[in-house]
Every structure is written in structure tokens, then in C-alpha cells.
Amino acid sequence: MTRLWIIEDEPSLAQGLGKAFEREGLAVTLIPDLAVLNRLLKGERPEIVLLDLRLPDGDGLTALPHLLKSNKEARVIVMTAFGDSALIVRAIKEGAYNYLDKPFPLEAARNMIRRAAEALDLSRRVSRLQGEGIPLVGTSPAMEKVRDFIAKVASFSDLNILIRGESGSGKEVVARLIHRNGARKGDFVALNCAAIPEALMEAELFGYRRGAYTGAAQDKTGLIEVARGGTLFLDEIGDMALPLQGKLLRFLDSRSFRPLGDTKETEVSLQVLCATCVDLESRIAQGTFRRDLFYRIALLPLELPPLRERGRDVLELLETFLAEFSARLGRPPLAPSAEVEELFLDYPWPGNVRELRNLVERLYILKESGDRAIRLADLPEEMLDALPPGSPFPSTAGNLKSRLDGYERNLLEEALAQCGSNRTRAAQLLGISRYALLRRMQRHGMD
Ligand SMILES: Nc1ncnc2c1ncn2[C@@H]1O[C@H](COP(=O)(O)OP(=O)(O)OP(=O)(O)O)[C@@H](O)[C@H]1O
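According to the numbering used here, the sequence shown is numbered sequentially starting from -5.
This is the structure we're talking about:
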């Protein structure tokens, strides 16, 4: 049961919160002042803490380092009088998880505590998973299905599996997990079919013997052979050239192949996993992908859902990446505001998990050290542009942009009218180059 400490001297507020969270299944302890807190800290460790900053026997903020020392994973939510922004910034800098402005509706506290509990649960789970070397984050029903699939296929090591999903959705992560969960002793070997020029692909995959062609000065072992006893992961299989598709099919049928320039067949046992972010059925219809190969590799298809369909996994992944980059860069973890988290739940993530990870890395790089809060203003503008219509976020950039565009057009028209349509003079009046004026006029369809 998750422990919640409520450090608050106002009895009615403390008791109201205490009752509400006991009903939610948390183990609540009410703490009226710093003296009681200090006694408690001698024998117990906090998990989630609601901390009032003005306590009868001193400043609540002084308790923050002691709480975090007792449990560095503790999620401390500070409660402040409205407008105490300097205190909030200090608290977040010193490691507070988030804040609530008093008076706050119970629902706001409930949401925040639920998130804190999820974050705690996640950090416990992630450290366990890291211990096992498994990096798959996400507990949405969609990801649970993926986990089930991985568990089910583990004992069948000769199956060909096709992992389908948008770019950045974690296909390679899943492929590595399938490999790791299986009984195979060999290596995991990945080949991106889109990254290797067609002319080199055959040699890369099947290898060659010395003298097979001019320039082949010595034998080259193909990746199929490198992956012997293990797993060959063919990423972007839809981009494999047609002649090679035929050779791959032959290998999958017979589990043997002949390196270029060799006279005998080599037999290899391995698991072949393929991944694609394109619709292979439409490639078949266009005649650029072999139907027979499709049936062979797609014996067991796994559909990896895009990040936008994984609900609160976004926040779990966010926590994971925040912790990862904080550890890697030796910086205190950044703390997203509640609006940023809500925006992340609304945003469609066209680049999926990779986009989220890159964004977190970028935030760590761009943030001044000392400023730990991630606010809406720290996010790239394109994110706000891409929010679905009706999203509650900043009077959406689309509106602002079209209003600014309209304003700019009016200014151009006025300047041109004043200068009798003389563009050189209108540009001078506006303080821009003639070229810049023409470009803007073209953009507004004014010439
Ligand atoms: N569920 C997950 N948990 C943790 N990290 C993840 C998860 N899914 C993806 N990632 C991370 O996101 C990034 C992109 O994942 P990955 O390369 O597996 O995507 P992909 O679908 O294979 O992309 P592409 O189609 O471009 O090859 C990697 O850094 C990976 O570690």
C-alpha cells in the first residue's frame, strides 16, 4: 500500500484530505508540524508527501532535504498560498515533485497524487526491469498485449515474425526482447534494408568467397551466418529490392543459402524477425513486394500501436527518459508542469517514442542548469501547431498565426497604398529589403 504523509497544520484541511485518500486506498499519516515530522523520519520512510510550506514551528521547505534523504524516490508535493511563485521555484529546484496552489479542488490533488503514485510504481518497476535488462516501458492495455505476445512466442524459436508499426514506435526494442526471451544462444544481428545500397545488400546478407568478383580479395561472412543460432532482424523489409526478396524467400524456405562464389550450400538455423513501417499489402498491389515472401515472413504479425494510442504510457516513458538523461548527464531531474503533462497526453506524437526521447534530451541540453521546471514555453512551437483542434492548449498556434498573417497583410497593403504601389519605397517605409517585401507579398498572394 502506498504511504501518503500529509504535513499540514490546518486540521480541517488535513483531515479532509486524509479521509479522501484513505478511501482511495493509501496509507495516510497526518503530521501537524516539523517536530512530529522529525520524530517520524527517525523510523519511517516517506513515499508521497503533501507538504505545507508554512508550518507553526518553521518553514516547511527546510524539511524537503530530510524527506528526500530518507527516500530519494519520495514524491513531495508542496502546498503554497496562491502566487508564491518564488517559493515554488525554490521547492522544485530543491527536488520537490510538483506543487498545488491553495486553495485547490480535491480533484487536482487526487490527479497529482495518482501521477505521483504511478511515477513511484514506475521507478520501482523500471529499476527491476533494468536489472533484468528489459527496457520496454508502458503498461497500457495495448502494451500488455505486446508483452503477452512476446511471452507466447518465446518458446518457438524458428518462427518468422513481422513487427509492424510506425517509425519510432519501438519495433527494434520489441525484436530485441523477443530475442532475449527466447532460448537461442547466438547473437542478435540487425540489418536496416533501407540503409544499405541495393548493390551491396546481397553480399551483406549472404557473404561471398574470395575471388567471387573483382575486388573480393578475401571471404566475407554474411550476416545470416553471423546470426547463426541467434536472431536476424531485418528492419524496413519493405525497402528490400525485388531480386533479393527472391533470395531471402529461398533461404527462409530451405534454411540454407549459397554465398556468392561458393559451390556448396550452407545450412543455418536462426530466427528471422522483420519490421516495417509501410503498408506491405499496398507494396504487393504496386508490384514492389513479393506476395509469397509476405506470407512467409508474416506468419505471425505483431501490430505495435503508435504512441498516441497508448494513453498514459506517454507519462511513464517521459519519467523514464527524464531519469535516464538526468543520470547520464549528471543533472538533477527536470520536472514537467501539469500543463506539459496534459499536453503530452493530447499531442499526436508523429515520431512516436523516438520523438519523445529526443525531446527530453533536447530539453536537458537547452535548459539552464538550476531551472528544473519544464513549462509549455520550453516546448517546440511545432508541438503546439500539431495539437488536434479543440485541444485546450494555448489559444492554438493556428489561430495566432492566421491573425498575425492578417495583420501583416494589412500593413503591407497600407504601405503600398501610401507609396502609390511603389515597392521600393514601400519596403523602405516598412524597414525591410525590397526582396523581403516581395517575398511577403507572394506569400499573401498579393502580386
Ligand atoms: N516501450 C519502450 N520503452 C522504452 N524505450 C522505448 C520503447 N519504445 C521505443 N523506445 C525507444 O525509442 C527509440 C526508438 O525505438 P526503435 O528504434 O525500437 O523504434 P522503431 O520502431 O524500430 O523505429 P524505426 O521504424 O525508425 O526503425 C529507441 O531509443 C528506443 O530505445
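Built from N, CA and C at the ideal position, the CB exists for glycine as well.
| request: Select from Y207, S320 and P344 the residue whose C-alpha is nearest the C-alpha of Y358. | output: In the sequence shown, counting from the first residue as 1, residue 358 sits at position 364. Relative to Y358, the option among Y207, S320 and P344 whose CA is nearest is S320.
| Is it right to say R366 is buried, meaning 16 or more other beta carbons lie within 10 angstroms of its own, or is it exposed? | Along the sequence shown, read from residue 1 onward, the residue named residue 366 stands at position 372. Answer is buried; the Cβ neighbour count reaches 16.
| query | Taking contact to mean at least 3 C-beta pairs separated by less than 8 Å, is the segment 220 to 228 in contact with the segment 162 to 179? | reply | yes
| said: Using a Cβ-Cβ cutoff of less than 8 Å, which residues in the same chain neighbour P446 once the five nearest sequence positions on both sides are dropped? | reply: With the chain running from -5 to 441 in the structure shown, residue 446 is simply not present.
| query | Taking Cβ to Cβ, would you say R203 is nearer than 8 Å to G255? | reply | By one-based count along the sequence shown, residue 203 stands at place 209. By one-based count along the sequence shown, residue 255 stands at place 261. Yes, Cβ-Cβ distance for R203 and G255 is below 8 Å.
| query | Going by the beta-carbon positions, is the gap between A163 and V22 smaller than 8 Å? | reply | Within the sequence shown, numbered from 1, the residue matching residue 163 stands at position 169. Within the sequence shown, numbered from 1, the residue matching residue 22 stands at position 28. Reading the sequence as shown, one finds Ser at residue 163 and not Ala. The answer is no: Cβ separation not under 8 Å.
| said: Just to confirm before moving on: does the CB-CB distance between V266 and L228 stay below 8 Å? | reply: Along the sequence shown, read from residue 1 onward, the residue named residue 266 stands at position 272. Along the sequence shown, read from residue 1 onward, the residue named residue 228 stands at position 234. Yes, these two residues count as a Cβ contact at 8 Å.
| query | Which same chain residues, not among the five before or five after R304, have their C-beta less than 8 Å away from its C-beta? | reply | The residue labelled residue 304 in the question sits at position 310 within the sequence shown. Around R304, the same chain offers G132, S134, A136 and M137 as residues with beta carbons nearer than 8 Å, after the five sequence neighbours per side are excluded.
| message | By alpha-carbon positions, which one of L370, P326 and P342 ends up nearest to G364? | response | In the sequence shown, counting from the first residue as 1, residue 364 sits at position 370. If we check each option's Cα against that of G364, P326 comes out closest.
| Is it a yes or a no for the segment 281 to 299 touching the segment 181 to 188, going by three-plus beta-carbon pairs under 8 Å? | Flag = no, the segment 281 to 299 and the segment 181 to 188 do not touch.
| beta-carbon G305 near ligand 1 non-hydrogen atom, thresh 7 Å | Translated into positions along the sequence shown, residue 305 becomes position 311. Outside the cutoff, so no.
| message | Looking at L337: is its Cβ nearer than 8 Å to the Cβ of V168? | response | Your numbering for residue 337 matches position 343 in the sequence shown. Your numbering for residue 168 matches position 174 in the sequence shown. Not closer than 8 Å, so no.
| query | Is DSSP giving G240 helix, strand or coil here? | reply | Taking the sequence shown and counting its residues from 1, the one referred to as residue 240 is at position 246. Looking at G240 - three-state DSSP - the assignment turns out to be helix.
| query | Expressed to the nearest angstrom, what Euclidean distance is found between the alpha-carbon atoms of V120 and A90? | reply | Working through the sequence shown from its first residue, we reach residue 120 at position 126. Working through the sequence shown from its first residue, we reach residue 90 at position 96. The predicted model places V120 with a pLDDT of 48, which falls under 50 and marks its position as unreliable; any figure quoted below should be read in that light. Straight-line Cα distance between these residues: approximately 21 Å.
| Contiguous beta strand (DSSP E) assignments of at least 3 residues, all confined to the segment 29 to 107 | Listed in chain order, the complete beta strand (DSSP E) runs (minimum 3 residues) inside the segment 29 to 107 are 42 to 46, 69 to 75 and 92 to 96.
| Got a sec: does ligand 1 put a non-hydrogen atom nearer than 7 Å to the Cβ of P26? | Translated into the one-based positions of the sequence shown, residue 26 becomes position 32. No, since every heavy atom of ligand 1 falls outside the 7 Å radius drawn around the Cβ of P26.
| task | Below 7 Å CB to CB, which residues in the same chain sit around L94 once its five sequence neighbours on both sides are set aside? | result | As a first step, residue 94 is located in the sequence shown; it is residue number 100 there, counting from the start. The answer, listed in chain order, is I71, M73, A102, A103 and M106.
| field | Every unbroken alpha helix (DSSP H) within the segment 139 to 205, with a cutoff of 4 residues, ordered by chain | value | 165 to 175 and 192 to 200
| query | Who are the near neighbours of L28 in its chain, counting only those whose CB is closer than 7 Å to its CB and skipping five residues on each side? | reply | For this step, residue 28 is matched to residue 34 along the sequence shown. Within its own chain, the residues whose Cβ lies closer than 7 Å to the Cβ of L28, once the five positions on either side in sequence are excluded, are L49, D51, G52 and A57, listed in chain order.
| said: Helix, strand or coil, according to DSSP, for L298 in the structure here? | reply: Mapped onto the sequence shown, residue 298 falls at position 304. Coil.
| What is the DSSP secondary structure of D115, counted as helix, strand or coil? | Taking the sequence shown and counting its residues from 1, the one referred to as residue 115 is at position 121. Here D115 sits in helix by DSSP.
| query | Counting along the chain, where does the alpha helix (DSSP H) carrying L468 start and finish? | reply | Any property of residue 468 remains undetermined from this structure, which presents the chain solely from -5 to 441.
| said: Out of P330, I155, R174 and A14, which one is the CA nearest neighbour of V354? | reply: Taking the first residue of the sequence shown as 1, we reach residue 354 at position 360. That would be P330, whose Cα lies nearest to the Cα of V354.
| query | Under three-state DSSP, which class holds R252? | reply | Translated into the one-based positions of the sequence shown, residue 252 becomes position 258. It is coil, neither helix nor strand.
| message | Among the candidates R356, L44, E219 and L378, whose CA atom is the shortest distance from the CA of A111? | response | Here residue 111 refers to the residue found at position 117 when the sequence shown is read from its first residue. It is L44.
| said: If I follow the unbroken beta strand (DSSP E) through R(-3), where does it start and stop? | reply: Within the sequence shown, the letter at position 3 stands for residue -3. Secondary structure note for R(-3): its beta strand (DSSP E) is the uninterrupted segment R(-3) to I1.
| query | Using the beta-carbon count (16 or more within 10 Å), is Y429 buried or exposed? | reply | Indexing the sequence shown from 1 puts residue 429 at position 435. Around the beta-carbon of Y429, fewer than 16 other beta-carbon atoms lie within 10 Å, marking it exposed.
| said: I need the boundaries of the alpha helix (DSSP H) containing Q265, first residue and last residue. | reply: The count along the sequence shown starts at 1 and reaches residue 265 at position 271. That residue, Q265, is in no alpha helix (DSSP H); its beta strand (DSSP E) goes Q265 to T270.
| said: To the nearest angstrom, how far is the alpha carbon of L232 from that of E275? | reply: Taking the sequence shown and counting its residues from 1, one reaches residue 232 at position 238. Taking the sequence shown and counting its residues from 1, one reaches residue 275 at position 281. Here residue 232 turns out to be Gly, not Leu, going by the sequence shown. Roughly 10 Å separates the two Cα atoms.
| Local Cβ density within 10 Å of N32, reported as buried at 16 or more and exposed below that | Taking the sequence shown and counting its residues from 1, the one referred to as residue 32 is at position 38. N32 is classed as exposed because its beta carbon has fewer than 16 other beta carbons within 10 Å across all chains shown.
| request: Would you kindly check if the distance between the Cβ of A420 and the Cβ of L431 is under 8 Å? | output: Position 437 of the sequence shown, counting from 1, holds the residue named residue 431. Position 426 of the sequence shown, counting from 1, holds the residue named residue 420. Against a cut-off of 8 Å, the Cβ pair of A420 and L431 comes out as a contact.
| Nonlocal neighbours in the same chain, by C-beta distance under 8 Å from R380, ignoring five residues either side | Translated into positions along the sequence shown, residue 380 becomes position 386. The question names Arg, but residue 380 in the sequence shown is Ala. Y341, P342 and P344, listed in sequence order.
| said: Would A309 and R109 be called neighbours here (beta carbons separated by less than 8 Å)? | reply: Here residue 309 is taken as the residue at index 315 of the sequence shown, counted from 1. Here residue 109 is taken as the residue at index 115 of the sequence shown, counted from 1. Per the sequence shown, residue 309 should be read as Leu rather than Ala. L309 places its beta carbon less than 8 Å from that of R109.
| request: Could you tell me whether any non-hydrogen atom of ligand 1 is closer than 7 Å to the CB of S163? | output: As a first step, residue 163 is located in the sequence shown; it is residue number 169 there, counting from the start. It does: the Cβ of S163 is within 7 Å (strictly closer) of some heavy atom of ligand 1.
| query | Is C271 near ligand 1, with its Cβ less than 7 Å from a heavy atom? | reply | Along the sequence shown, read from residue 1 onward, the residue named residue 271 stands at position 277. Because some heavy atom of ligand 1 lies under 7 Å away, the Cβ of C271 counts as near it: yes.
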